[in-house]
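Enquirer: Protein chains in written order, with this note's numbering: chain P, 163 to 356; chain B, 12 to 578.
A virtual CB, placed ideally from N, CA and C, is assigned to each residue, including glycine.
Values in this document were obtained by computation on a predicted structure and should not be read as measured data.
Pasting a structure here, questions to come.
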Amino acid sequence: MSRNTISRRRALQQVALLLGGAISAPTVAGVFSTATRRAWAASPAWAPRTLSAAQLELVATLAEHIVPQTETPGARAAGVHRFVDTLLTDHYPAAERDRFLTGLAGVDAQAQSHYGKRFAESAAAQQVALLRELDAAAYAATRGEDAWFFRRMKELTLVGYYTSEIGAMQELRVSPFGTYRGDIPYTSIGRAWA
Amino acid sequence: MITYDAIVIGSGITGGWAAKELTEKGLATLVIERGRNVEHRKDYITEHKPSWELPLRNARLAVGTRGAEEYPIQARTGQFHESVKHFFIKDHRNPYIEDKPFTWIQGDQVGGKSLIWGRQVYRWSDLDFEANLRDGHGVDWPIRYADVAPWYSYVERFIGVSGEKLGLPQLPDGEFQPPMEMNAGEKFVKAGLERAFPDRRFTIGRVAILTQPLNDRLPCHYCGPCERGCSTGSYFSSQASTLPAARATGRLTIVPDSVVHSLIYDAAKSRVTGVRVVDTTTKQTREYSGRLVFLCASTLATTRVLLNSKSPSFPNGLANSSGVLGHYLMDHHFRAGASGTIEGLLDHYYQGNRPNGIYVPRFRNLGDEASRRGDYVRGFGYQGGASRQNWARGAGEPGFGVELKRKLHDPGRWTMGMTGFGECLPRADNHVELAEQTDEFGIPVLRIHCTWGENELAMRKDMAASAAEMLEAAGCKDVRTNDAYREGGLGAEPGLGIHEMGTARMGRDPRTSVLNGHNQAHDVPNLFVTDGACMASSSCVNPSITYMALTARACDYAVAESKRGNL
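So, in structure tokens, the structure goes:
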């Protein structure tokens, strides 16, 4: 358990003390119970509901390039690809889901035309080179359909990563409960709140 | 059949207050609620859930998304997120017809919208109560600030309001707990704005959230999303505040899952004698008998009940001898303002999720020549706030990989935004009526006709332009105006402010109003309407605390009149 997890637990315990037990024990315990923690982790039984295995791997590969592992885990470890599958299945209207899937296929098509291989099978340097092209095109003054896909992919990666336990608690910080301080030195925190 | 001393229809902000006041004054009171029961604490199923425990990470469920399939209307509001959808009505349970876009946001549970409201509370002043008389729009209010002021104090002491006293005549001070703190960006804008415009003030929001303990409720712990429910009772809701007080008297009965069909009227006595409800589970009809009825079902639901309570004495709806029932519908128009960035202050940050923003009180048309506008009457206030950009900014800028991750490790620059909340004039052609179509409970649905008029549209231009002018004068950069209104479309349509009011207005003359100065129906002495339906004008400030004060005041009057044998 990381230091940040501990500080979150401490914060919750402080709130529970403040409440004199008003927050039910399960509410506090639920955040940290073994069962809950297991539920957060990828279950061996987990399977995508919209993406194929190849599409899932493509999403995971793209996401990891966007937010890679550094001294903290990256998008793949944070399960961004599982989050994307959940959104595509349970949130997106059919037309938007299909637009995203078409965009994914477009990445593979570009990798094929550039390198003669699908994206996930291309060399890492080739993948990065193609992403540089996509990223430049996505923020150019005149933009096409590729731009929509890449910006959306980047947005989903950031949401999926920074709202995950890894992204929020290891890479960034979760604001502790208790007080509000409106004006503190940034150096006293040292990184952004999730 | 039991005859209750009083029947209260609705358990939200005003229903809860009526229940508390009437039971504390000794009346055996029945509260009828159309929605399901929601128990304080136990039923706050998403409270304190970290983002990663929400499968969609608390996505906004916009119109068209899968999670919004049963909520095509509720999904129009930006408040409608994964974590709170269970506190909004499924639209098939409350269908209506909109001639032009009108967004009707409803709760469907004990506590109503008090669980999910915005919690901003501002007193009206005589600038508001005298507005109709002064410019001739609408009918004169039968009351003035002095009539309501003690009730504002009474309500504030019970619900707990934090805020800063300003001594402004147009925004009277109240009984405040210590204000929440502004952040560095807001302090910067405040200093610059008040320097450039000495007649304007920039203050922290006055909010029904505790900064000190109050009875058994604890001060805010700044977790952030109040609307998921608060186990510490730190913001005012029926669950945390009024219903426990009513329950403690031993005189409260609540029946959930019961939608009111109509009121039962006895022409011989000129009194309502009871309420006809439809059980939302079994669809069976039941009746309850009561000596006094308080309609607190929310503005449009209340008027719908009255319109559907037809009898030979009142063929056009109960208490509608004037014919104005259903007319003069209002809402606050908003989503017109400006935003900008603040240079520097990068060594400043904040800690905790403050569920509150800043407020700029009205500064237009205050009665003096300096503040007078030639292009519109009445005025607006601003709500907004400053913050540092978070990780989400990464999606709007080029770059990826280690470089992007390093950048998002730190917060971005400061941004500041403000949106106006503008007064809406009472106009007869903004109205609701019963349609032929009935809902699944056999109750005729409302047809709603409501548009913004020339006055609102002219005011919006100033709302955007003045926000930009102030932000620029305060030293902000990259200032841009915004206005989400699209004629005939969605974005800033009537109803979206969720401050819908009017349609059973108070007034001095029974020929032109439904209610008298005590929220009592002119035509039916034992019938009171104390939710937003009673409003004769809209002011520009958030209305809930005025509804609460009027409710407490009406209860006091009703019980006194009852004791005198006048009801």
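#1: List the residues of chain B that P:Leu213 touches, going by C-beta distances under 7 Å, in chain order.
#2: Per DSSP, B:Asn493 forms a beta bridge with which residues?
#3: Once you ignore the five residues that flank P:Thr196 on each side, which residues in its own chain have a CB closer than 8 Å to its CB?
#4: Which of the three DSSP states, helix, strand or coil, is assigned to B:Val335?
#5: So, at 6 Å on beta carbons, what are the nonlocal neighbours of B:Asp641 in its own chain, with the 5 sequence-adjacent residues on each side left out?
#6: Roughly how many angstroms lie between the CA atoms of B:Ala532 and B:Ala330, to the nearest whole one?
#7: Within 8 Å (strictly less), CB to CB, does P:Asp252 reach chain B?
#8: Which first and last residues belong to the beta strand (DSSP E) in which B:Gly392 is found?
#9: Give me whichever residues DSSP pairs with B:Trp425 in a beta bridge.
#10: Does the beta-carbon of B:Ser320 have 16 or more other beta-carbons within 10 angstroms, so that it is buried, or is it exposed?
#11: What residues from the stretch 412 to 425 of chain B come within 9 Å of chain P, judged by C-beta to C-beta, listed N to C?
#12: Could you tell me whether any Cβ in chain C is nearer than 8 Å to the Cβ of P:Ala330?
#13: From B:Asn530 to B:Ala515, what does the alpha carbon distance come to, in whole angstroms?
#14: How should P:Thr304 be labelled, buried or exposed, when 16 other C-beta atoms within 10 angstroms of its C-beta is the threshold for buried?
#15: Quick one: what's got a C-beta closer than 7 Å to B:Asp137's C-beta in the same chain, skipping five residues either side?
#16: Which ranges does the beta strand (DSSP E) cover as unbroken runs of at least 3 residues, wholly within the stretch 435 to 518 of chain B, from first to last along the chain?
#17: Against P:Thr341, what residues of chain B qualify as contacts under a CB-to-CB distance less than 7 Å, listed in chain order?
#18: Identify whether B:Ile20 lies in helix, strand or coil by the three-state DSSP scheme.
#19: Please confirm whether B:Asp210 and B:Phe391 have their CB atoms less than 8 Å apart.
#20: In this structure, does DSSP put B:Pro554 in helix, strand or coil?
#21: Give me the Cα-Cα distance between B:Leu3 and B:Ala563, rounded to the nearest whole angstrom.
#22: Which class does B:Gly433 belong to by DSSP, given the choice of helix, strand or coil?
#23: Anything in the stretch 213 to 237 of chain P with a Cβ closer than 9 Å to a Cβ of chain B? List those residues in chain order, please.
#24: Using beta carbons (cut-off 8 Å, strictly below), is B:Thr76 in contact with chain P?
#25: Around the C-beta of B:Trp402, are 16 or more other C-beta atoms found within 10 angstroms, so that it is buried, or is it exposed?
#26: Can you list, in chain order, the residues of its chain whose CB lies under 6 Å from that of B:Tyr339, leaving out five sequence neighbours each side?
#27: Mapping the DSSP letters down to three states, classify P:Arg199 as helix, strand or coil.
#28: Which of the three DSSP states is assigned to B:Arg212 in this structure?
#29: Could you compute how far the alpha carbon of P:Gln176 sits from the alpha carbon of B:Lys198?
#30: Please report the distance separating the alpha-carbon of P:Glu307 from that of P:Glu219.
#31: According to the neighbour-count rule (16 or more other Cβ atoms, all chains shown, within 10 Å of its Cβ), is B:Thr34 buried or exposed?
#32: Which stretch, first to last residue, makes up the beta strand (DSSP E) that contains P:Leu346?
#33: In the stretch 232 to 306 of chain B, which residue ranges form an unbroken beta strand (DSSP E) of at least 3 residues, counting only runs that do not cross its ends?
Expert: Working from what's here:
#1: Neighbours of P:Leu213 on chain B: none; closest Cβ ~16 Å, over 7 Å.
#2: In the DSSP output, where bridge partners are listed per residue, B:Asn493 has B:Gly348.
#3: Caution applies to P:Thr196, whose pLDDT of 47 falls short of 50 and renders its modelled position unreliable; the value that the coordinates give is listed next. Excluding sequence neighbours, P:Thr196 sits near nothing in its chain.
#4: In the structure shown, B:Val335 sits in coil (DSSP, three-state: anything other than H, G, I, E or B).
#5: Because chain B spans 12 through 578 in this model, residue 641 of chain B falls outside it and cannot be assessed.
#6: When rounded, the distance between both Cα atoms is 6 Å.
#7: P:Asp252 counts as touching chain B.
#8: Per DSSP, B:Gly392 belongs to the beta strand (DSSP E) from Phe391 to Arg399.
#9: Listed as beta-bridge partners of B:Trp425 by DSSP are B:Ile353 and B:Arg399.
#10: Counting Cβ neighbours within 10 Å, B:Ser320 comes out buried, since at least 16 surround it.
#11: Listed by position, the residues of the stretch 412 to 425 of chain B near chain P (Cβ gap below 9 Å) are Gly412, Val413, Leu415, Lys416, Arg417, Leu419, His420, Asp421, Pro422 and Gly423.
#12: Annotation note: the requested chain C is absent from the structure, which comprises protein chains P and B.
#13: Counting only the Cα atoms, B:Ala515 lies some 10 Å from B:Asn530.
#14: That one is exposed.
#15: Taking C-beta separations shorter than 7 Å and ignoring five residues to either side along the sequence, the partners of B:Asp137 in its chain run Arg155 and Tyr156, following chain order.
#16: Unbroken beta strand (DSSP E) stretches of 3 residues or longer found wholly inside the stretch 435 to 518 of chain B: 442 to 449, 455 to 460 and 488 to 494, given in chain order.
#17: Close to P:Thr341, with beta-carbon spacing below 7 Å, are these residues of chain B in chain order: Tyr233 and Gly363.
#18: Strand at B:Ile20.
#19: B:Asp210 places its beta carbon 8 Å or farther from that of B:Phe391.
#20: In the structure shown, B:Pro554 sits in coil (DSSP, three-state: anything other than H, G, I, E or B).
#21: This structure cannot speak to residue 3 of chain B, because chain B is shown only from 12 to 578.
#22: The DSSP-derived three-state label of B:Gly433 is strand.
#23: Cβ contacts with chain B: His227, Ile228, Val229, Pro230, Thr232, Thr234 and Gly236.
#24: Chain P, which has a Cβ nearer than 8 Å to the Cβ of B:Thr76, makes this yes.
#25: In this structure B:Trp402 is buried. Its beta-carbon is surrounded by 16 or more other beta-carbon atoms within 10 angstroms.
#26: Cβ within range, chain order: Pro437, Gly513 and Arg516.
#27: Here P:Arg199 scores only 44 on pLDDT, less than 50, and its place in the model should not be relied on; the value that follows carries that caveat. Helix.
#28: Looking at B:Arg212 - three-state DSSP - the assignment turns out to be coil, as it is neither helix nor strand.
#29: With a pLDDT of only 48 at P:Gln176, under 50, the local geometry of the prediction cannot be trusted, and the value read off the model is given with reservation. Going from the Cα of P:Gln176 to the Cα of B:Lys198 covers about 30 Å.
#30: In this structure, the straight-line span from the alpha carbon of P:Glu307 to that of P:Glu219 is close to 22 Å.
#31: Buried.
#32: The question names Leu, yet the displayed sequence has Ile at residue 346 of chain P. Its beta strand (DSSP E) spans residues Arg343 to Pro347.
#33: Counting only runs of 3 or more residues that sit fully inside the stretch 232 to 306 of chain B, the beta strand (DSSP E) segments are 263 to 266, 269 to 277, 282 to 290, 296 to 301 and 304 to 306, in chain order.
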